[in-house]
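Order-wise, the sequence lines are chains A and B.
With the working numbering, the residue at position 154 of the first sequence is 368, and numbering never jumps.
With the working numbering, the residue at position 117 of the second sequence is 102, and numbering never jumps.
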Amino acid sequence: APPLPLVINTWPFGNATRAAWSKLQAGGSELDAVESGCSLCEAQQCDGSVGFGGHPDELGETTLDAMIMDGTTMEVGAVAGLRRIKNAIGVARKVMEHTRHTLLVGESATQFAEAMGFPNEDLSTNHSLSVYSEWLRQNCQPNFWKNVIPDASKSCGPYKPARGLVQRKGPATGKINIHSHD
Amino acid sequence: TIGMVVIGKSGHTASGTTSNGANHKIHGRVGDSPVAGAGSYADSTVGGAAATGDGDTMMRFLPSYQAVEYMRAGDDPASACKKVISRIQKHVPHFFGAVICANITGGYGAACNKLPEFSQFHFMVYHSLQSQPSEEKVDCI
């Protein structure tokens, strides 16, 4: 094994790796390095699966999930379903450093972020709005519903629960792939 | 999604993730990224791990936590990652996912679940013997 330090990250996002390494070399902590690398990925919208303007939900909104963990203190800060704030990993760091909690979600996480000084911004872009419009044109296909009426494999919602379990399919593996993943 | 593990000279380990989740997810859906032990996990006495893929499936198996625990029990990082993928495979054979693992002696590895459209997983590494980050890949199992 090569001598430490070490930076490793999923997917070929080299700019993020370089940013984390540079932060370490500049005297930053390991947490600083993680935050720096992930922040750059958010700003550069790494392959569309990170940051603003990507992967809109069924209402056309982009929301962000992020988490940071200190392996020495075992402290964790995380945000989920964060709305209208671009720097999700930065907010997660604030959760870790300025609260006794672990995970904040949704609109409440946004309010926390604003209180911590993060700007409230629209996360939509022309691209994400185009992706959403195309999905609507394709009768909302693919989607993640099951056992509902109308038939979610053919129609848009709103959906209601179907009587009985008419579909017992496993996880939506056909809808999560190299272009759409966590 | 990006998942990252950083291990400093003294072994101090940190990890993190950030993601905009699945395309066309139901409003309010949250994936594995913000869940400790699922999206990533760090323990400075062992190392760290991060997962990527279908969060709805992977978060049920806490793959990052499990990988760190495998390394704590003595597995090298590549073996720990493979064991995590195998563990999920038994329940969900066709899941989309990959894991990266690193330990505090500088070892690292990755593993992924082989699918027709996903046979290799690419990840980035930067360590002190390099002058720039390198892209590495593993064959999925």
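Beta carbons are placed, not taken as given, at the ideal position from N, Cα and C, and that holds for glycine.
6 Å Cβ shell around residue i - same chain, five flanking residues per side excluded
i: L47 (chain B); result: G22, A23
i: A250 (chain A); result: In the sequence on display, residue 250 (chain A) carries Ser and not Ala. Excluding positions up to five away in sequence, the list reads A233, A234, K237.
i: C255 (chain A); result: F227, A230, V264
i: A327 (chain A); result: I299, V305
i: L278 (chain A); result: L296, A302
Beta carbon proximity, residue i to chain B, threshold 8 Å
i: E311 (chain A); result: no
i: F227 (chain A); result: yes
i: D396 (chain A); result: yes
i: F358 (chain A); result: yes
i: H341 (chain A); result: no
i: E321 (chain A); result: no
i: T387 (chain A); result: Note that T387 (chain A) has pLDDT 43, beneath the 50 cutoff, so the model's placement of it is unreliable and the number below is only indicative. Judged by the 8 Å Cβ criterion, T387 (chain A) is in contact with chain B.
i: I282 (chain A); result: yes
i: P216 (chain A); result: yes
i: V290 (chain A); result: yes
i: H269 (chain A); result: yes
i: E348 (chain A); result: no
Residue-level contact to chain A via CB, residue i, 8 Å cutoff
i: L114 (chain B); result: yes
i: K68 (chain B); result: no
i: M109 (chain B); result: yes
i: E54 (chain B); result: no
i: F81 (chain B); result: yes
Beta carbon proximity, residue i to chain E, threshold 8 Å
i: V221 (chain A); result: No chain E is part of this structure, whose protein chains are labelled A and B.
Beta-carbon neighbours of residue i, restricted to chain B and to distances below 7 Å
i: A294 (chain A); result: V15, P19
i: S263 (chain A); result: T(-14), S4, N5
DSSP bridge partner residues for residue i (one or two, in chain order)
i: V123 (chain B); result: B:F106
i: R351 (chain A); result: Paired residue(s): none; R351 (chain A) is not in a bridge.
i: T37 (chain B); result: B:A83
Where residue i meets chain A, residues with beta-carbon distance less than 8 Å
i: P118 (chain B); result: V221, G228, T231, R232, W235
i: F103 (chain B); result: N391, I392
i: D28 (chain B); result: G285, M288
Contact set between residue i and chain B, taken where Cβ atoms lie within less than 8 Å
i: T324 (chain A); result: Under the 8 Å cutoff, chain B gives no residues; its nearest Cβ is about 14 Å from T324 (chain A).
i: C252 (chain A); result: I(-13), M(-11), G1, T2, T3
i: C260 (chain A); result: I(-13)
7 Å CB neighbourhood of residue i in its chain, flanking five on each side removed
i: T387 (chain A); result: Because T387 (chain A) carries a pLDDT of 43, less than 50, the predicted location of this residue cannot be relied on, and no value is offered for it.
Beta-carbon proximity list for residue i, same chain, < 8 Å, skipping 5 on both sides
i: E121 (chain B); result: A95, H107, F108, M109, V110
i: F80 (chain B); result: G38, D39, T42, M43, I73, Q74, N98
(message) Assess contact between the segment -10 to 8 of chain B and the segment 95 to 109 of chain B, defined as three or more Cβ pairs (one per stretch) separated by less than 8 Å. Is contact present?
(response) no
(message) I want to know whether the segment 91 to 103 of chain B touches the segment 59 to 69 of chain B - three or more CB-CB distances under 8 Å.
(response) yes
(message) Three or more C-beta pairs under 8 Å: does that hold for the segment 305 to 312 of chain A against the segment 337 to 349 of chain A?
(response) no
(message) Three or more C-beta pairs under 8 Å: does that hold for the segment 250 to 259 of chain A against the segment 309 to 325 of chain A?
(response) no
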